[in-house]
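Colleague: Right, I'll just put the structure down here and ask away after.
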Amino acid sequence: MDWNWFHRMGSPRWFYLVTSRWMPWFGAATLILLVTGLVWGMGFAPEDARQGNSFRIIYLHVPAAFLALAGYFLMASAGAIGLIWKMKLSYMVMKCAAPIGAALTFVALFTGAVWGKPTWGSYWVWDARVTSMLILFFLYVGVMAVGNAFHSQEAGNKASAVLALVGTVNIPIIYKSVDWWFTLHQPSTIKLTSAPTMHPDMFQPLLVMILGFYCFYALALLLSVRVEILKRERKTAWVREIVGEHLTLKDSGLR
Amino acid sequence: MKFQFENLPDFIAMDGHGFYVWAAVIVAALISAWLIISPLIRLRQMLKDIAQEVTIENIHKSEGEGSK
Amino acid sequence: MGSAYLIRTENLCFERDGIKVIDRVNLELNSGDLLQVEGCNGSGKTTLLRLLTTAVKPTSGRIFYQGKKLSDCRYEYCSNIIFIGHQIALKERLTPVENLNWLSPIGLSQDSINRALDLVGLRDFETAPSWSLSAGQKRRVALARLIVSNAKIWFLDEPFTAIDTQGIGLMRQLIDDHVSKGGAVVFSTHQSVDMKNIRRYSLK
Amino acid sequence: MLTNTNSGFFAYLRRDLLLAYRRKGEAAGPVIFFIMATTLIPLGVSPEAKSLEGISAGIIWVMALLATLLSTDSLFASDFKDGSLEQMLIAPDLLVMPVLGKVVAHWLTTGLPLTIVSPVLGIMLSLPSSALSPLVAGLAVGTASLSLIGALGAALTVSLQKGGLLLTLIVIPLYIPVIIFGSAMAQFGIDGLSWGSPLAVLGTLLAMAVVLCPLAIAAILRLTTINQ
Chain A
33 MDWNWFHRMG SPRWFYLVTS RWMPWFGAAT LILLVTGLVW GMGFAPEDAR QGNSFRIIYL
93 HVPAAFLALA GYFLMASAGA IGLIWKMKLS YMVMKCAAPI GAALTFVALF TGAVWGKPTW
153 GSYWVWDARV TSMLILFFLY VGVMAVGNAF HSQEAGNKAS AVLALVGTVN IPIIYKSVDW
213 WFTLHQPSTI KLTSAPTMHP DMFQPLLVMI LGFYCFYALA LLLSVRVEIL KRERKTAWVR
273 EIVGEHLTLK DSGLR
Chain B
70 MKFQFENLPD FIAMDGHGFY VWAAVIVAAL ISAWLIISPL IRLRQMLKDI AQEVTIENIH
130 KSEGEGSK
Chain C
1012 MGSAYLIRTE NLCFERDGIK VIDRVNLELN SGDLLQVEGC NGSGKTTLLR LLTTAVKPTS
1072 GRIFYQGKKL SDCRYEYCSN IIFIGHQIAL KERLTPVENL NWLSPIGLSQ DSINRALDLV
1132 GLRDFETAPS WSLSAGQKRR VALARLIVSN AKIWFLDEPF TAIDTQGIGL MRQLIDDHVS
1192 KGGAVVFSTH QSVDMKNIRR YSLK
Chain D
4 MLTNTNSGFF AYLRRDLLLA YRRKGEAAGP VIFFIMATTL IPLGVSPEAK SLEGISAGII
64 WVMALLATLL STDSLFASDF KDGSLEQMLI APDLLVMPVL GKVVAHWLTT GLPLTIVSPV
124 LGIMLSLPSS ALSPLVAGLA VGTASLSLIG ALGAALTVSL QKGGLLLTLI VIPLYIPVII
184 FGSAMAQFGI DGLSWGSPLA VLGTLLAMAV VLCPLAIAAI LRLTTINQ
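Sequence order for the protein chains is A, B, C and D. Be aware that the first sequence starts at 33, since it is given in my numbering, and climbs by one per residue. Be aware that the second sequence starts at 70, since it is given in my numbering, and climbs by one per residue. Be aware that the third sequence starts at 1012, since it is given in my numbering, and climbs by one per residue. Be aware that the fourth sequence starts at 4, since it is given in my numbering, and climbs by one per residue.
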């Protein structure tokens, strides 16, 4: 395995320069995907027989829930890479992934609660998936709190990396025990509709939205990691050079 | 695959469920927008700070040469 | 004992938040050596001692014990060192006897503890809880710990602070005996100390 | 190598038990909190047996969890302050053993007394007698994993002055599987079902915690305390 590209990929400068090139295209692709998915889901997909139009919230709830969970695992693996190979960049990715993941978990929670009102008559129902989502939100908040609790940034990174790993081990346990607990108390009521058993016309926009959300997550993460890189590498020459370029562009009124 | 609603008001009302659907859409849109905008704001602020640092250092350097 | 040094470090570095606290330190220590690590406050004296006692992992560089890499012989190395830091790991609610018993890795006979406490002048404080001792007396319990320990290498962080003149005399004598018997002592202090065949390593 | 009983697991177990014995008042803290907090429920909710019956097992479990949480942050704090944590880090044998010794000592001084007291509280909250033995069995196994997971949070926040709130924030999500299966045991007892299966799940949770938590704690202590 040629380790060279792995360590080269780890250098913040290389990461910053490479991402600068795709940023605009990536942003445009994300926007197109999200808009088409939303319009398609809200306007063109047929309504659900039982739930009527409130079912359309699935086009926001399911992608956000997907990303909330995937984001946690991405954050934990970035932390693990940081711990094992002591890569500063992967710590930065972990640090920026936490708030984005927490925000998406909150979106999933809010849309799940709003969806509960027309379906079950109350905003908060202890449905298995909504409860697990709430616990995931607490895990995110825990990781973020530990990250900023230490005076030295390094200790904070290591501590939150270990906590994220501990969380990853616990997520399947928590999800399974919440599911089991849910069947114990309310076996009859329906869970939020699971995606695959849906009518193709309903399912296609969902796929577009999920893809759109993945691109959106990557975009938001790249943007905040780039800021973190500039903040950490402010003393280096290449950052000074970039700042210089940025200033001359601004002075000449181009930017 | 055709537009499910006759006209715009019907589309907004979504026969009764419109409030919930649009509330979810608006909140999701606001939070997502914030996730993109806040790093951009921080980026501009960061560039300004670094630029300021550079200018301060240059001044010190030039004073250093001047007084040598 | 082979030709290798007791302890040898190879450009040892330690970085905390981008600041190089320890930058490429190379030092050797042989048995019978007395090494004083000097430097102003915050120059990394305590961090260097923590690196040498494996309490903290270095960012880069290696430490060798009798020619072998430390990571290969950690058990043997750690059974042979003793570290007395600023805080002397004294449990306030335990008596000096219990503290000594708990702190030493090998089982201690009752009379060796009594002899040590007698030597440091804490004979009649054996059963008193440690919180009732004065700061100087607590440091003397640390001295007693050195007496009863069979460790070959001593790491002492600021051994001469918060201790009265008689205590300092006792400490110097202990260090001299240990060094003459073939042990090695590394201690950090910012005051200047003159003892026979002392070697100094200054940290910027 | 004969496990010399003076370093590692036994030394720290004996030392911590001795420390707890020296300050008996402090060691009784969690039990007193457990009793007082549980007596609040009939005052807050309703004294009639009929309404208490359904929730009593869950209440006892929640209070036991909070009582354990109360005493976890002092697990490493005193060692960090007086420097004995540093001696633990440079001890020759594995850091996992002293950590395990301390956690077992913590369980003996908090988890066990809570389990012993819980039947008394069960009667106070008019817990059906069929739920008594599953409650005690569940608490005995459950509080052990609560101590282990709590120690994990304590290790993370040991070098912080005001780590208490952060400890709660970190640890409570990880406690959730234990409390779900623990209170389910008593519920199964009340419904007359055999409470063996949730006990088995609690056992696996404990087995995982015993294996994984000390490793994580040792890693955390090495990584974050000294260069905080």
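Glycine included, C-beta positions come from ideal geometry on N, C-alpha and C.
#1: Under a three-way DSSP split, which group does D:G167 fall into?
#2: Using 10 angstroms around the beta-carbon of B:E75, count the other beta-carbons present and answer buried if the total reaches 16, otherwise exposed.
#3: Count the other C-beta atoms from every protein chain shown that fall within 10 angstroms of the C-beta of D:Y24, then say buried if there are 16 or more, exposed otherwise.
#4: If distances are taken between C-alpha atoms only, which option among D:F191, D:M91, D:S200, D:T41 comes closest to D:I220?
#5: For C:A1155 and C:L1133, which I take to be in contact (beta-carbon distance under 8 angstroms), what is that distance rounded to the nearest angstrom?
#6: Quick one, are the C-beta atoms of C:R1104 and C:W1165 less than 8 angstroms apart?
#7: Would DSSP call C:Y1076 helix, strand or coil?
#8: Starting from the C-beta of D:I44, find all residues in its chain whose C-beta is less than 6 angstroms away, skip the five residues before and the five after it, and write them out in chain order.
#9: So that I know if they touch, is there some Cβ in chain B lying closer than 8 angstroms to that of A:V67?
#10: Given 8 angstroms as the limit, is there contact between the segment 140-159 of chain A and the segment 87-103 of chain A, that is, 3 or more CB pairs closer than that?
#11: C:N1161: buried (16+ other C-beta within 10 angstroms of its C-beta) or exposed?
#12: Check whether the segment 68-84 of chain D touches the segment 109-128 of chain D, taking contact to mean three or more Cβ pairs, one atom from each stretch, closer than 8 angstroms.
#13: What three-state label does DSSP hand D:I63 in the structure shown?
#14: Would you call B:H86 buried or exposed, if buried means 16 or more other Cβ atoms sit within 10 Å of its Cβ?
#15: Using a Cβ-Cβ cut-off of less than 8 angstroms, list which residues of the segment 162-185 of chain A approach chain B; keep chain order.
#16: Would you verify that the beta carbon of A:M33 is, or is not, closer than 8 angstroms to some beta carbon of chain C?
#17: Does the beta-carbon of B:I125 have 16 or more other beta-carbons within 10 angstroms, so that it is buried, or is it exposed?
#18: Between C:R1027 and chain A, is the shortest Cβ-Cβ distance under 8 angstroms, so that the two count as touching?
#19: Cβ of D:E89 within 8 angstroms of Cβ of C:A1146?
#20: Three-state secondary structure (DSSP) at A:S86?
#21: From which residue to which residue does the alpha helix (DSSP H) around C:C1089 run?
#22: Expressed to the nearest angstrom, what Euclidean distance is found between the alpha-carbon atoms of D:L78 and D:L169?
#23: Alpha carbon to alpha carbon, how far is D:S59 from A:W46?
#24: By the 10 Å Cβ neighbour count, where 16 or more other Cβ atoms means buried, how is A:I222 classified, buried or exposed?
#25: Which residues share a DSSP beta bridge with C:E1049?
#26: Quick one: is A:V146 near chain B, going by C-beta distance under 8 angstroms?
#27: When you check each C-beta in the segment 86-98 of chain D against every C-beta of chain C, which residues fall closer than 8 angstroms?
#28: Please tell me whether D:A14 has its Cβ less than 8 angstroms away from any Cβ of chain C.
#29: Whose C-alpha, out of B:A93, B:Q114, B:I105, B:I81, is nearest the C-alpha of A:Y155?
#30: Use the C-beta contact count for D:P50: other C-beta atoms within 10 angstroms, 16 or more gives buried, fewer gives exposed.
#31: Would you decide whether A:S220 is buried or exposed? Buried here means 16 or more other CB atoms lie within 10 Å of its CB.
#32: Output needed in chain order: residues of the segment 170-196 of chain D with a Cβ under 8 angstroms from some Cβ in chain A.
#33: For A:W212 and D:K165, what's the separation of their Cα atoms in angstroms?
#34: DSSP state of C:K1149, grouped into three classes?
#35: Counting Cβ pairs closer than 8 angstroms, one from the segment 227-241 of chain A and one from the segment 160-172 of chain A, do we hit at least three?
#36: Just checking C:S1191 against the ligand ATP - is the residue's beta carbon closer than 7 angstroms to any of the ligand's heavy atoms?
Modeller: Answer, in terms of the structure:
#1: By 1-based counting over the fourth sequence, the position of residue 167 of chain D is 164. In the structure shown, D:G167 sits in a helix (DSSP, three-state: H, G or I).
#2: Start at 1 with the first residue of the second sequence, and residue 75 of chain B comes out as number 6. Counting Cβ neighbours within 10 Å, B:E75 comes out exposed, since fewer than 16 surround it.
#3: Residue mapping note: residue 24 of chain D aligns to position 21 of the fourth sequence, counting from 1. Burial is judged here by how many other beta carbons sit within 10 angstroms of a residue's own beta carbon; D:Y24 has fewer than 16 and is exposed.
#4: In the fourth sequence, counting from the first residue as 1, residue 220 of chain D sits at position 217. Measuring from the Cα of D:I220, the nearest candidate turns out to be D:M91.
#5: Looking up residue 1155 of chain C in the third sequence gives position 144. Looking up residue 1133 of chain C in the third sequence gives position 122. Contact flag correct, Cβ pair sits at about 7 angstroms.
#6: By 1-based counting over the third sequence, the position of residue 1104 of chain C is 93. By 1-based counting over the third sequence, the position of residue 1165 of chain C is 154. Taking 8 angstroms as the Cβ cut-off, C:R1104 and C:W1165 do not qualify as a contacting pair.
#7: Along the third sequence, read from residue 1 onward, the residue named residue 1076 of chain C stands at position 65. The answer is strand: DSSP assigns C:Y1076 an E or B state.
#8: Position 41 of the fourth sequence, counted from the first residue, corresponds to residue 44 of chain D. The answer, listed in chain order, is I62.
#9: Counting from one through the first sequence, the residue named residue 67 of chain A turns up at place 35. Against chain B, the CB of A:V67 has no partner CB under 8 angstroms away; the residue lies outside that interface.
#10: In the pairwise beta carbon analysis, the segment 140-159 of chain A is classified as touching the segment 87-103 of chain A: at least three pairs are separated by under 8 angstroms.
#11: The residue labelled residue 1161 of chain C in the question sits at position 150 within the third sequence. Answer is exposed; the Cβ neighbour count stays below 16.
#12: The segment 68-84 of chain D makes contact with the segment 109-128 of chain D; the number of CB pairs closer than 8 angstroms reaches 3 or more.
#13: Looking up residue 63 of chain D in the fourth sequence gives position 60. It is helical.
#14: Numbered from its first residue, the second sequence carries residue 86 of chain B at position 17. Per the 10 Å Cβ criterion, buried.
#15: Under the 8 angstroms Cβ criterion, the segment 162-185 of chain A contributes no residue.
#16: Counted from its first residue, the first sequence places residue 33 of chain A at position 1. In this prediction, A:M33 has a pLDDT of 48, which is less than 50 and means its spatial position is unreliable; nothing more can be read from the coordinates.
#17: Walking along the second sequence from the start, residue 125 of chain B turns up at place 56. With fewer than 16 other Cβ atoms from the protein chains shown falling within 10 Å of its own Cβ, B:I125 counts as exposed.
#18: Position 16 of the third sequence, counting from 1, holds the residue named residue 1027 of chain C. It does; some Cβ of chain A falls within 8 angstroms.
#19: Here residue 89 of chain D corresponds to residue number 86 of the fourth sequence, with the count starting at 1. Here residue 1146 of chain C corresponds to residue number 135 of the third sequence, with the count starting at 1. Taking 8 angstroms as the cut-off, the beta carbon of D:E89 is found no closer than this to the beta carbon of C:A1146.
#20: Locating residue 86 of chain A in the first sequence gives position 54, counting from the first residue. DSSP places A:S86 within a helical segment (H, G or I) once states are collapsed to three.
#21: The sequence position of residue 1089 of chain C within the third sequence is 78, counting from 1. From DSSP, the alpha helix (DSSP H) with C:C1089 extends over 1085-1089.
#22: Here residue 78 of chain D is taken as the residue at index 75 of the fourth sequence, counted from 1. Here residue 169 of chain D is taken as the residue at index 166 of the fourth sequence, counted from 1. A straight-line Cα-Cα distance of about 15 angstroms links D:L78 and D:L169.
#23: For the purposes of this step, residue 59 of chain D is identified with residue 56 of the fourth sequence, where counting begins at 1. For the purposes of this step, residue 46 of chain A is identified with residue 14 of the first sequence, where counting begins at 1. Roughly 60 angstroms between the two C-alpha positions.
#24: Working through the first sequence from its first residue, we reach residue 222 of chain A at position 190. Below a pLDDT of 50, predicted positions are generally treated as unreliable, and A:I222, at 48, falls in that range; no measurement from the model is reported.
#25: Position 38 of the third sequence, counted from the first residue, corresponds to residue 1049 of chain C. Per DSSP, C:S1213.
#26: The sequence position of residue 146 of chain A within the first sequence is 114, counting from 1. For A:V146, the nearest beta carbon of chain B is closer than 8 angstroms to its own beta carbon.
#27: If the cut-off is 8 angstroms between Cβ atoms, the segment 86-98 of chain D has G86, S87, E89, Q90, L92, I93, A94, P95, D96 near chain C.
#28: Here residue 14 of chain D refers to the residue found at position 11 of the fourth sequence. For D:A14, the closest Cβ of chain C is nearer than 8 angstroms.
#29: Translated into positions along the first sequence, residue 155 of chain A becomes position 123. Closest option to A:Y155, Cα to Cα, is B:A93.
#30: Stepping through the fourth sequence from its first residue, residue 50 of chain D is reached at position 47. Under this definition D:P50 is an exposed residue.
#31: Position 188 of the first sequence holds residue 220 of chain A. Confidence is the limiting factor: at A:S220 the pLDDT is only 46, short of 50, which leaves the residue's position unreliable, though a coordinate-based value still follows. The residue is exposed, with fewer than 16 neighbouring Cβ atoms inside 10 Å.
#32: Those would be L172, I173, I175, P176, L177, I179, P180, I183, F184, A187, Q190, in chain order.
#33: Residue mapping note: residue 212 of chain A aligns to position 180 of the first sequence, counting from 1. Residue mapping note: residue 165 of chain D aligns to position 162 of the fourth sequence, counting from 1. Answer to the nearest angstrom: the Cα atoms are 36 angstroms apart.
#34: Numbered from its first residue, the third sequence carries residue 1149 of chain C at position 138. The DSSP-derived three-state label of C:K1149 is helix.
#35: Touching, no, given that fewer than three Cβ pairs across the two stretches are closer than 8 angstroms.
#36: Looking at this structure, you won't find the ligand ATP or any other ligand, since it has none at all.
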